[in-house]
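*Asks:*
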Amino acid sequence: MLELDPYLLRAFLTVAEVGTVNGAALSLNRTQAAVSMQIRKLEELLGSDLFERSSKGLGLTNNGVLLTPYAREILRLNSEIGKRLNGKMIEGRVRLGVVEDFAATRLIEILKAFRDQNPKVDIDIIVEPNKRLAAMFENEKLDIVVCDTTRLNRKPTLVWSDQLLWVVRSDMVISTSSPLPIIMFEESCPWRTPALAALSGHDLQWKIVCEASTLVAMATAVRVGIGIGPMIAATIPEDCRVLDHAAGLPEPVEVSIGLYSRTGAPSEARYLSDFIAQQSDLRRP
995 MLELDPYLLR
1005 AFLTVAEVGT
1015 VNGAALSLNR
1025 TQAAVSMQIR
1035 KLEELLGSDL
1045 FERSSKGLGL
1055 TNNGVLLTPY
1065 AREILRLNSE
1075 IGKRLNGKMI
1085 EGRVRLGVVE
1095 DFAATRLIEI
1105 LKAFRDQNPK
1115 VDIDIIVEPN
1125 KRLAAMFENE
1135 KLDIVVCDTT
1145 RLNRKPTLVW
1155 SDQLLWVVRS
1165 DMVISTSSPL
1175 PIIMFEESCP
1185 WRTPALAALS
1195 GHDLQWKIVC
1205 EASTLVAMAT
1215 AVRVGIGIGP
1225 MIAATIPEDC
1235 RVLDHAAGLP
1245 EPVEVSIGLY
1255 SRTGAPSEAR
1265 YLSDFIAQQS
1275 DLRRP
């Protein structure tokens, strides 16, 4: 029967998160040789390579990706049963920074489940633009951050891939015979550049008629009929529709949102980060 040592799984997840054995060793307060040995031992137990080298460091193999949610769940259960048997519960305070589009959608059910299991953990939820969240995280004002992956020069624990769809009010008629009225993110938003590139990649006439600084601003501008706005599917209002890019209109824009945990964050923050990652793995189609 296969028996997986939690210490080996913790080393595996840390290397996967940091991207290098040396960086993982610093995070775990172990030697590089010790972490390398743990990874080799885990690979021998499983009979499979878990990492492959690339120009960006160590990346997960297909089997490494497969192991990740199970490793997180094993460690979560291991921690939970120890505390419950000892009559203890996780407590403390976590500073969580989240981009608005994620906070308004996926985060709600995840945090609800976490709070149901950990009522003694207080969570400060800070919703700010991507650039501001990244700066706060780098200055250690946040324990966990969920933001666009282009804003932080480090390896995320988890990445959610999504699309920005071009949306209009349901009764609004769009014609390519005149310039398309575009609602665009403000200049500091990292999604502005790929959205503009999607527009410029087609033989279309368009003009920016409104700049939106928040998700609420974008949704409001689209709903009142100011123009066409890029939005993630989960945030599209019910009285709006997605344009068909097959009709010569702009194609969806690919974006990536990453989950990051601060090195040296308190145990309750690490537990929440693992919980978010584990719950997100369960929600993947």
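Take the sequence shown: its position 283, counting from 1, is numbered 1277 in the numbering used here, and each next residue is one higher. Glycine included, every Cβ here is placed at the ideal spot set by N, Cα and C.
Report the three-state DSSP secondary structure of Gln1199 (helix, strand or coil).
*Replies:* Looking at Gln1199 - three-state DSSP - the assignment turns out to be coil, as it is neither helix nor strand.
*Asks:* Would you tell me roughly how many angstroms separate the C-alpha atoms of Leu1136 and Ala1263, rounded to the nearest one?
*Replies:* Each residue's alpha carbon lies about 10 Å from the other.
*Asks:* Report yes if the CB atom of Met1178 is closer than 9 Å to the CB atom of Ile1202, and no otherwise.
*Replies:* Result yes, Cβ atoms of Met1178 and Ile1202 sit closer than 9 Å.
*Asks:* Can you check whether the CB of Gly1242 is closer than 9 Å to the CB of Leu1193?
*Replies:* Not in contact: Leu1193 and Gly1242 (Cβ atoms no closer than 9 Å).
*Asks:* State the Cα-Cα distance for the pair Ala1228 and Gln1026, rounded to the nearest angstrom.
*Replies:* So the two alpha carbons sit approximately 42 Å from each other.
*Asks:* Just list the residues that DSSP pairs Leu1020 with in beta bridges.
*Replies:* Answer is none; Leu1020 lacks a bridge partner.
*Asks:* Grouping DSSP H, G and I as helix and E and B as strand, with all else coil, what is Ser1250?
*Replies:* In the structure shown, Ser1250 sits in a strand (DSSP, three-state: E or B).
*Asks:* State buried or exposed for Thr1187, treating a residue as buried only when at least 16 other CB atoms are found within 10 Å of its CB.
*Replies:* Result: exposed.
*Asks:* Please say whether Pro1000 and Ile1102 have beta carbons closer to each other than 9 Å?
*Replies:* No; because the gap between Cβ atoms is not below 9 Å, this pair is not in contact.
*Asks:* Could you check how far apart the C-beta atoms of Leu1146 and Ser1274 are, in whole angstroms? I think they sit under 8 Å.
*Replies:* Wrong, their Cβ atoms sit about 18 Å apart, outside the cutoff.
*Asks:* Put Arg1277 into one of helix, strand or coil per three-state DSSP.
*Replies:* Note that Arg1277 scores 44 on pLDDT, short of 50, meaning its location in the model is unreliable; the coordinates nonetheless yield the value given after this. It is helical.
*Asks:* Using only alpha-carbon positions, find the residue among Thr1099, Lys1050, Phe1006 that is nearest to Met1031.
*Replies:* For Met1031, the nearest C-alpha among the options comes from Phe1006.
*Asks:* Can you list, in chain order, the residues of its chain with a C-beta nearer than 6 Å to that of Gly1219? Leave out the 5 residues immediately preceding and following it.
*Replies:* Cβ neighbours of Gly1219 beyond the five flanking positions: Arg1163, Met1166.
*Asks:* Helix, strand or coil for Val1009 per DSSP?
*Replies:* DSSP places Val1009 in helix when its eight states are reduced to three.
*Asks:* If you reduce the DSSP assignment to three classes, tell me which class Ala1206 lands in.
*Replies:* Correct three-state label for Ala1206: strand.
*Asks:* Look at the alpha carbon of Arg1066 and the alpha carbon of Ser1267, and state the distance between them as a whole number of angstroms.
*Replies:* Arg1066 and Ser1267: Cα-Cα distance of roughly 10 Å.
*Asks:* Among the candidates Phe1045, Asn1016, Leu1040, Ser1207, whose CA atom is the shortest distance from the CA of Leu996?
*Replies:* For Leu996, the nearest C-alpha among the options comes from Leu1040.
*Asks:* Report back the beta-carbon spacing between Gln1111 and Glu1248 to the nearest angstrom; my notes put them in contact at under 8 Å.
*Replies:* The Cβ separation is near 34 Å, so there is no contact.
*Asks:* My output table needs one value for Lys1135: the three-state DSSP class, helix, strand or coil.
*Replies:* Lys1135 falls in the coil class under three-state DSSP.
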